[in-house]
Structures are given as structure tokens and as C-alpha cells.
Amino acid sequence: MTPRTCLIVDDSRIIRKVARRIVEGLGFEVDEAADGSEALAFCASLMPEVILLDWSMPVMDGLTFLRRLRTLPGGAGPKVLFCTIETRAERIAEALSAGADDYVMKPFDGEILTSKFAEVGAV
Amino acid sequence: MSPEDFDRLQSLMASRAGFRLTRDRMKLAEHRLGPVARREGFETVDAMLASLWAKPVAGLGWSVIEALLNPESWFRRDRPTFETFGQELLPALCRAREGQPVRIWSAGCSTGQEVWSVAIAALETGAAVEIVATDLSQRALEKARTGAYTGFEIQRGLKAETMLRWFDQTEDAWIARAELRATVHFARANLLDPPADDTRFDVIFCRNVLNDMDPVRRGQVLENLERRLVDDGCLFLGPDEQIEGDSIAFRAVAGRRGLFVKSPSALRRAA
Numbered sequence: 001m002t003p004r005t006c007l008i009v010d011d012s013r014i015i016r017k018v019a020r021r022i023v024e025g026l027g028f029e030v031d032e033a034a035d036g037s038e039a040l041a042f043c044a045s046l047m048p049e050v051i052l053l054d055w056s057m058p059v060m061d062g063l064t065f066l067r068r069l070r071t072l073p074g075g076a077g078p079k080v081l082f083c084t085i086e087t088r089a090e091r092i093a094e095a096l097s098a099g100a101d102d103y104v105m106k107p108f109d110g111e112i113l114t115s116k117f118a119e120v121g122a123v
Numbered sequence: 001m002s003p004e005d006f007d008r009l010q011s012l013m014a015s016r017a018g019f020r021l022t023r024d025r026m027k028l029a030e031h032r033l034g035p036v037a038r039r040e041g042f043e044t045v046d047a048m049l050a051s052l053w054a055k056p057v058a059g060l061g062w063s064v065i066e067a068l069l070n071p072e073s074w075f076r077r078d079r080p081t082f083e084t085f086g087q088e089l090l091p092a093l094c095r096a097r098e099g100q101p102v103r104i105w106s107a108g109c110s111t112g113q114e115v116w117s118v119a120i121a122a123l124e125t126g127a128a129v130e131i132v133a134t135d136l137s138q139r140a141l142e143k144a145r146t147g148a149y150t151g152f153e154i155q156r157g158l159k160a161e162t163m164l165r166w167f168d169q170t171e172d173a174w175i176a177r178a179e180l181r182a183t184v185h186f187a188r189a190n191l192l193d194p195p196a197d198d199t200r201f202d203v204i205f206c207r208n209v210l211n212d213m214d215p216v217r218r219g220q221v222l223e224n225l226e227r228r229l230v231d232d233g234c235l236f237l238g239p240d241e242q243i244e245g246d247s248i249a250f251r252a253v254a255g256r257r258g259l260f261v262k263s264p265s266a267l268r269r270a271a
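The listed protein sequences derive, respectively, from chains U and R. When we follow full-length UniProt numbering, the leftmost residue of the first sequence carries the number 1, and every step to the right adds one. When we follow full-length UniProt numbering, the leftmost residue of the second sequence carries the number 1, and every step to the right adds one.
Rendered as C-alpha cells:
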């Protein structure tokens, strides 16, 4: 059986490392991107099943990435979980209406991330 | 904390709360009692315990007991339970009750996450419900009653969409909306106490409570739950909780982990 795939998009190497450890623990094969444009290039060639997405990043932010992703061929497929320090209700609503499947407010831990993956049906 | 102190704590927890304070929780007990000692004006945990042993169990005793209970809770813990409840049980019960509200008891509600999960499932199904939520811990109940959770707590188990729909954001918390709160009545109750009135429920949630209980008290608690449940009602325990050895009042429903109904013998006795 091929392992499931998850792309972690965050400009912080530390966050990527922490998230990678948790997501690998859920049985995923993990790739990383440091901003939205890098992530978009990755998705154009290899669409992951789950994307963990930071909001504020250099070059291309998470929301712009998400809107472009959803227009790509196969771009409706991935479950996208925002994962960001932005916690205002109206911004969360904005992310969901742009096509995010769920939203994780930083700080988070393994239990939160696991429950979010379960809620969107990724595990 | 001396081993003698821990022994006495163990028997206090067993006799008053039916709680099994296992030896591996000694460090945890010491850690949890520190804030209680400070709050109650003692220099040290040892000083507090010395004072506790010298007097009959009263306010201080209950503060100590509360601090040693297991308050862990999160939203939609054991998700299949809420799917069974919201998608199968509740629609069937609503039909059977013909417009009367379905009565639900969250027994051992801790800090409230279970209650709100139940209330959300009910309101999203359009079911009329009355929920009673009880716990032994006054402090846990106070938190449950506020319906206020940190960002860290609120997202453990809740989808963002559900969170936005049912909770209002304030500066430092997410607070259960009035519609949710209107369905719930909170009260302190000890599950060891037999029912003092005739109130009965259609569904009882008593999840992850029995697992922490002293084996000799589990049967007593199940007996009390049975008396509070209507004959065609349902009981939810934690998905890993087994009660075969404790009580013959309930039987497990095949294919639905954690779901129990009254056993035929319990029905006959009620008749």
C-alpha cells in the first residue's frame, strides 16, 4: 500500500519540523515547502492528499496559494488545513470560504492535529 | 508526601468518590495538590494533609478530592459515539417521544466538552433536548458552566466550522452560544449516591468515569445509572470500558462500541 502524502507549507523550519514529526506519526509521507509559490509548483507536479498550510509567508501567502490550488487540475482533491497564528473568527471564516477544510490555530499539539485530521477524514 | 499520606489519600478517594488513585499517580497527586495548598493558605502540601487528617472531611477534603479526579476531556471524544448518537439514536428517540424533548444526562461532565458536543449534535439534528450535566468537581462544573475555552482547548476535537457556528470569540476565549447553553442544566452530583427523585433520562453519557473507579464501587454506580434510565433508554460508556464483571443491569449493543441498553433482568425487576 502506498503511504498517504502530506505537504507542509510554512516559512518556519521549526514549525515544519514539529508538524512533520506529528504527521509522520499518523502514517503520512511528508514533503515540505517554505512558501505558497513553492507549494504551488510542488502541487502542479504531484498533488498531495493533505496540505498543512501557514497563512502569512513571504513570496506567496497561504490564502493566495489556496485559491490558486483549487483552480488547478485535481486541486479540489487535497484536504487543506490552515495552520496559523491568525485566530480571529472572521479570518478563520475567510479561510474556510476560500476552500480550506479545517483550521488549526497555533499553538497546537499532536492531539489537536490528530483530531483535526480525523475530523476532515484524512485518517 | 509520605507513603502514609498517600495511603490515606487513596482511601479518601475510594470512600468519597469511588476513585481508584493508583500508586503511579503519587507524583501527579503531589503536583496537583500544590495549588490547592496555596489556595487554602498552607505552606506545604504536607501541612495541608496534616490538617486534613486532623478534622472530619469538609470543604478542604472536597477540594483535595476534586484536585485528584481525572478531568481530561475534549470535544467529540470518541467520534463514533457522537455519530451513533446524532445520526441514529436521536432521530429514533425523537420519533418515539413524539415531540416531547429527549432527556439526556451527562454524568461526569468534567469541564463541559462532552455536554456541548451532545448539545451541538442535537441542535444540528433539529432535535428537542433537555440536558442535565453533573460532576463531582465543583471547579470543573464552574468551568463547564462558563462554556469558555482557550484556543488550545476549543480546537481539540472541533472542526473550525463547528467552532465558528456554535461559539463566540472574545479576547481570550471561545464561549458557547446562548442557544447551546439554553439546552443544559448543570448541577453537582456524586455518582455513588442513589437517586433521590424520580427523574429519568432517555440517554445517559457516563464515559471514561468507570475506568478510573474502584472496582468495588463500579457496580453501585451502574445500579444508580440503571435507575435513572428509562427502560428503552441507552447508556454510553467509553469505547474501551467493559462492565461484564460489575453489573448485570446492562448489556452491550453489538457493533456499537460503548453503547449499552438495559438487560432483560433489569427490565423484569423494574416491572
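For each residue, glycine too, the CB sits at the ideal point set by N, CA and C.
Which of the three DSSP states, helix, strand or coil, is assigned to residue i?
i: residue 84(U); result: strand
i: residue 257(R); result: coil
i: residue 74(R); result: coil
i: residue 133(R); result: strand
i: residue 53(R); result: helix
i: residue 184(R); result: strand
i: residue 171(R); result: coil
i: residue 232(R); result: strand
i: residue 143(R); result: helix
i: residue 209(R); result: coil
i: residue 273(R); result: Nothing about residue 273(R) can be reported from this structure: the residues present for chain R run from 1 to 271 only.
i: residue 202(R); result: strand
i: residue 8(R); result: helix
i: residue 249(R); result: coil
i: residue 262(R); result: strand
i: residue 29(R); result: helix
i: residue 58(R); result: coil
i: residue 127(R); result: coil
i: residue 196(R); result: coil
i: residue 189(R); result: coil
Given that residue i touches chain U, what residues does it touch there, using C-beta distances under 7 Å?
i: residue 160(R); result: 92, 96, 102, 103
i: residue 87(R); result: Within 7 Å Cβ-Cβ: nothing; residue 87(R) doesn't reach chain U, min ~15 Å.
Using a cut-off of 8 Å between C-beta atoms, extract the partners of residue i located in chain R.
i: residue 112(U); result: 152, 155, 156
i: residue 56(U); result: Chain R residues near residue 56(U): none, gap ~17 Å exceeds 8 Å.
At 9 Å on the CB atoms, spell out the chain U contacts of residue i, in chain order.
i: residue 257(R); result: The premise fails here: residue 257(R) is roughly 16 Å from chain U at the closest Cβ pair, so nothing lies under 9 Å.
i: residue 79(R); result: 115, 118, 119
So which residues of chain R does residue i contact, with C-beta pairs closer than 9 Å?
i: residue 87(U); result: 151, 169
i: residue 45(U); result: Those within 9 Å of residue 45(U) in chain R number zero; the least Cβ separation is about 29 Å.
Show which residues of chain R have a CB atom less than 7 Å away from the CB atom of residue i.
i: residue 76(U); result: Chain R residues near residue 76(U): none, gap ~17 Å exceeds 7 Å.
i: residue 119(U); result: 159
i: residue 107(U); result: 152
Return no unless some Cβ of chain B is closer than 7 Å to the Cβ of residue i.
i: residue 65(R); result: Any reference to chain B falls outside this structure, whose protein chains are U and R.
>> Check whether the region 215 to 225 of chain R and the region 184 to 192 of chain R are in contact - that is, three or more C-beta pairs closer than 8 Å.
In response: yes
> So, do the region 53 to 64 of chain U and the region 31 to 41 of chain U have three or more beta carbon pairs nearer to each other than 8 Å?
Replying inline: yes
> Residue ranges of each alpha helix (DSSP H) run of no fewer than 4 residues wholly in the region 68 to 119 of chain R, ordered along the chain?
Replying inline: 79 to 83, 90 to 97
>> Can you confirm whether the region 198 to 216 of chain R touches the region 28 to 37 of chain R when touching is taken to mean that 3 or more C-beta pairs between the two stretches lie within less than 8 Å?
In response: no
> Counting pairs of beta carbons, one from the region 95 to 111 of chain U and one from the region 41 to 58 of chain R, are three or more of them closer than 8 Å?
Replying inline: no
>> Closer than 9 Å between beta carbons: that is the criterion. Which residues of the region 163 to 179 of chain R meet it against chain U?
In response: 163, 164, 167, 168, 169, 174
> Can you list, in chain order, the stretches of the alpha helix (DSSP H) that have 4 or more residues and sit fully within the UniProt domain "Response regulatory" (5 to 121) of chain U?
Replying inline: 13 to 25, 36 to 45, 62 to 69, 89 to 97, 110 to 119
>> Contact between the region 169 to 184 of chain R and the region 113 to 124 of chain R is defined here as three or more beta-carbon pairs at a separation below 8 Å; is this criterion met?
In response: yes
>> When you compare the region 131 to 141 of chain R with the region 70 to 86 of chain U, are there three or more beta-carbon pairs, one atom per stretch, that lie closer than 8 Å?
In response: no
> For the 8 Å Cβ check, are there 3 or more pairs between the region 42 to 49 of chain R and the region 80 to 87 of chain R?
Replying inline: no
> Three or more beta-carbon pairs under 8 Å between the region 136 to 153 of chain R and the region 95 to 103 of chain R, yes or no?
Replying inline: no
>> Taking 8 Å as the cut-off, does the region 99 to 114 of chain U touch the region 72 to 90 of chain U (at least 3 CB pairs, one atom from each stretch)?
In response: yes
> Does the count of Cβ pairs from the region 223 to 239 of chain R and the region 256 to 266 of chain R closer than 8 Å reach three?
Replying inline: yes
> For the region 1 to 17 of chain R against the region 161 to 170 of chain R, are there 3 or more C-beta pairs whose distance is under 8 Å?
Replying inline: no
>> Would you call the region 149 to 166 of chain R in contact with the region 114 to 122 of chain U, where contact means no fewer than 3 C-beta pairs closer than 8 Å?
In response: yes
> Would you call the region 174 to 181 of chain R and the region 8 to 16 of chain R touching, i.e. three or more CB-CB distances under 8 Å?
Replying inline: no
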